[in-house]
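Structure first, commentary second.
In our numbering, the protein residues as written are 10 to 135.
This is how it looks when you write it as structure tokens:
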């Protein structure tokens, strides 16, 4: 990374420690600063406080699901431009349509490869 180039901030929103460890390991690099929010409330607060360059958003979360988080982020003028990558084990079909309607910019169904994740993330944080 060149002098004066800011690290891209990626916020992982997931309640699974296994998923968070996996995403962090796949994305750790000198180019990215990876942060974690374990709940929807924490995700909204983190986005408001320090606008990340990308949100990796699990759709299946307790208390506030990823669909609602996406809707709230996109409804707020301060956070609406943050790209959201919805990630879930729900599969395709209905979940894809609902995630995109809620405001997700892209959808990835588990399982996916590390290469695929890195490529999609790189495309969003350019």
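All C-beta atoms, glycine included, are put in the ideal place defined by N, C-alpha and C.
Original post:
Leaving out the 5 sequence neighbours to the left and right, which residues in its chain are closer than 7 Å to residue 87 when beta-carbon positions are compared?
Top reply: 57
Subject >> Spatial distance of residue 129 from residue 48 (CA atoms) >> reply: 23 Å
Original post:
From residue 72 to residue 52, what does the alpha carbon distance come to, in whole angstroms?
Top reply: 12 Å
Original post:
Would you call the CB atoms of residue 54 and residue 22 closer than 7 Å?
Top reply: no
**OP:** Name the residue from 97, 40 and 78 whose alpha carbon lies nearest to the alpha carbon of residue 62.
**Re:** 40
**OP:** Would you check if the distance between the CB atom of residue 35 and the CB atom of residue 126 is smaller than 7 Å?
**Re:** yes
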